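Please read the structure below before turning to the comments.
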Amino acid sequence: VAYKHPEIAEALLKRNLKKEWINFRRKQVGSANGHYPVNSDEVNHYPSVFMEDFINNASSYDDDYFVNKIVLIGFMGENEKAYSMKDRYFTPLNEKYSGRSHPDMHGVLVHANIISMIQHADYINEVSEVRLYIIAFLLFFINFLFFDRIVKKNLFFTVATIRVIQIIQFILLFSLCIYLMSVHSIKVGFVLIITAVILSFELYEFYHKRIQKKIDIVFFK
Numbered sequence: 016v017a018y019k020h021p022e023i024a025e026a027l028l029k030r031n032l033k034k035e036w037i038n039f040r041r042k043q044v045g046s047a048n049g050h051y052p053v054n055s056d057e058v059n060h061y062p063s064v065f066m067e068d069f070i071n072n073a074s075s076y077d078d079d080y081f082v083n084k085i086v087l088i089g090f091m092g093e094n095e096k097a098y099s100m101k102d103r104y105f106t107p108l109n110e111k112y113s114g115r116s117h118p119d120m121h122g123v124l125v126h127a128n129i130i131s132m133i134q135h136a137d138y139i140n141e142v143s144e145v146r147l148y149i150i151a152f153l154l155f156f157i158n159f160l161f162f163d164r165i166v167k168k169n170l171f172f173t174v175a176t177i178r179v180i181q182i183i184q185f186i187l188l189f190s191l192c193i194y195l196m197s198v199h200s201i202k203v204g205f206v207l208i209i210t211a212v213i214l215s216f217e218l219y220e221f222y223h224k225r226i227q228k229k230i231d232i233v234f235f236k
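Throughout the sequence shown, residue numbering follows this note's numbering, covering 16 to 236 in sequence.
What follows is the structure in structure tokens.
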């Protein structure tokens, strides 16, 4: 790929990252895999040829069949109808999101997804840790001001109300992270952000019950 299209290699090198997240876009191919939870839509992104069939029917393929194509050789089952668990891995494309499931992709298809990602510059852009801390601090600060306003205005201030607000924030932020990842290939570290939301009320109470009194004593005595 780099030899034929040096601009693709240059774009990858310019990212200057020690590791890249694999942006899985293409499901496991093969007639034996056209079912839940592997590939229930029977989408076929890559043409596949079993070695035995190719050797036995080599005359049926044109001489230029593999010309200007990237050819990967790997295991995808003992035969075309075999649903093999060998060299098979879990990926985000697995259609069963929770509970026990079957691995959905053979190793050779993992490599094919990596090559497609590089070819189309379809990379996952991860939000840096510094930006995550800034976002988390802003969320905490906004919640702090919001809780303070609720307390001062006596607007239904109960622990249950606060938990409902936090649950709504959790759902909205989680949905936003899923949207950014699936549509724009932007990976946001959800754990740090939601931790700021969860701890915001506890830290608010700690400030007002412990720290604020000490500050008042020191500065206003």
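Every residue, glycine too, gets a C-beta built ideally from N, C-alpha and C. Remember, it's a predicted structure, so these values are computed and weren't measured experimentally.
- Rounded to the nearest angstrom, the Cβ distance from LEU191 to VAL212 is 12 Å, too far for a contact under 8 Å.
- The C-beta distance from GLY49 to GLY92 rounds to 13 Å, too long to fall under 8 Å, and the pair is not in contact.
- Annotated three-state conformation of TYR80 is coil, per DSSP.
- Taking C-beta atoms under 8 Å as the contact rule, ASN38 and ILE139 qualify, at a distance of about 5 Å.
- The DSSP assignment places 66-71 as complete runs of the alpha helix (DSSP H) inside the region 37-85, in order along the chain (cut-off: 4 residues).
- From the listed residues ARG40, MET66, ASP119, the smallest Cα separation to VAL198 is found for ARG40.
- Excluding residues up to 5 positions away in sequence, ALA26 lie with their Cβ nearer than 6 Å to the Cβ of ALA136 in the same chain.
- Here DSSP, grouped into helix, strand and coil, assigns ASN128 to helix.
- Secondary structure of ILE226 (DSSP, three-state): helix.
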